[in-house]
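Report on one structure; see the data block that follows.
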Amino acid sequence: MKESEHINIPTPKNFSFQECLHYLDRGFDDCLYHLGNNAVSRLVQLCDGTALINIYEKSNALQIEILKDSISNDNLKEVRVYVLDWLDMERNIQPFYELLSKNVALKEFPNLYFGARLVGISNLFEALCWAIIGQQINLTFAYKLKRSLVEKYGEKEVAGNIVYYLFPTPEVLAKLDRNELIEMKFSRQKIDYILNVSHAFLDNQISKAILLNCNSKDERAEKLTKIKGIGIWTANYVLMKTMRDMSCIAYGDSGLNNAINIIFGTSKKPAKEEVDSIFKKFTNWESYLNFYLWRTLV
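Just so we're aligned, residue 7 is where the sequence shown starts under the numbering used here, counting upward by one.
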């Protein structure tokens, strides 16, 4: 019989749980969480096992229900830290809104997308694999590939007739059967890249701790791009979503290019100089501007 505990996280200024749900519910059928009844639930890895968490909003706070075989005080702290990071709740985004208000083309963003937070991916390995999966294909197909991979290789738990999954570990994917992924419609190149990343983790070439030890974003990006299959777009995406570096721009991203073209009237594939000219007034908020520009598309 699983234990149940609740924790309460007051919602900060300029935070919208509904905007978080909107981002999570873009119609792509993500296999790592379940949405329903204005709540999101998912399986998370804790220090001593897995827990199922359900997050919903009530009385100006997020309520998190935790289901686990045995729940310790450390588990409660872990879940709190996880949710705060996942939904980027501890960041004061008022300075970003003030910058937006000074830009003629972007001044309505705080009203249109009030409280939208840069929803993250706390697992570095998952973030890298997801970025590789999504390279040069549309999001609908990318999510199908992700589901196939996770359902085949990820740890799972069933609750209330819903199957919850964890993203597979490097140990598991390092031993994957190439033919199985080919049957899932993975390209041979993507398979090679996922294997490269898996072995890089197992060989301690890369980890969250290693990146945190770096002295700059450039140094982190250099560590990442040494792994074959990780280019500058993937590095920026992961630094933004996992390492929470707020100065990242997803250069070359088709969605970002599309948003910039629509809002600023640039070419359909704006040059780096065009992109930089837009972002230059948002120093240390580039990641958030990137995220809000993506938000305009959905």
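Heads up, the beta-carbon is just placed ideally off N, CA and C, and yes, glycines get one too.
- Taking 9 Å as the cut-off, the beta carbon of Ser293 is found closer than this to the beta carbon of Asp251.
- Contact check for Leu124 against Met249 fails: the beta carbons are separated by 9 Å or more.
- Put simply, the backbone Cα of Ser193 is about 26 Å away from that of Asn210.
- In this structure, DSSP gives Tyr62 an extended state, which the three-state scheme calls strand.
- Annotated three-state conformation of Glu280 is helix, per DSSP.
- The shortest CA-to-CA distance from Ile268 to any of Ile197, Asn60, Ser128, Leu299 is the one to Leu299.
- In the DSSP assignment, the residues bridged to Ser10 are Leu73.
- Leu230 and Met7 have their alpha carbons spaced roughly 43 Å apart.
- By a beta-carbon distance limit of 8 Å, Phe270 contacts Ile284. Their separation comes to about 6 Å.
- Every beta strand (DSSP E) of 3 residues or more that sits fully in the region 164 to 233 is shown, in chain order, as 168 to 171.
- In the same chain as Glu84, and ignoring 5 residues on each side of it, the C-beta atoms closer than 7 Å to its own belong to Leu52, Cys53, in chain order.
- Excluding its 5 nearest sequence neighbours in each direction, Lys232 has C-beta neighbours in its own chain below 8 Å: Gln211, listed in chain order.
- Within the model, the alpha-carbon separation for Asn14 versus Glu71 is close to 9 Å.
- If only uninterrupted alpha helix (DSSP H) runs of at least 4 residues are considered, those enclosed by the region 107 to 148 are 115 to 118, 130 to 139.
- When only Cα atoms are considered, Pro116 and Ser154 end up about 37 Å apart.
- Around the CB of Thr289, fewer than 16 other CB atoms lie within 10 Å, so the residue is classed as exposed.
- The Cβ atoms of Leu145 and Val244 do not sit closer than 9 Å to each other.
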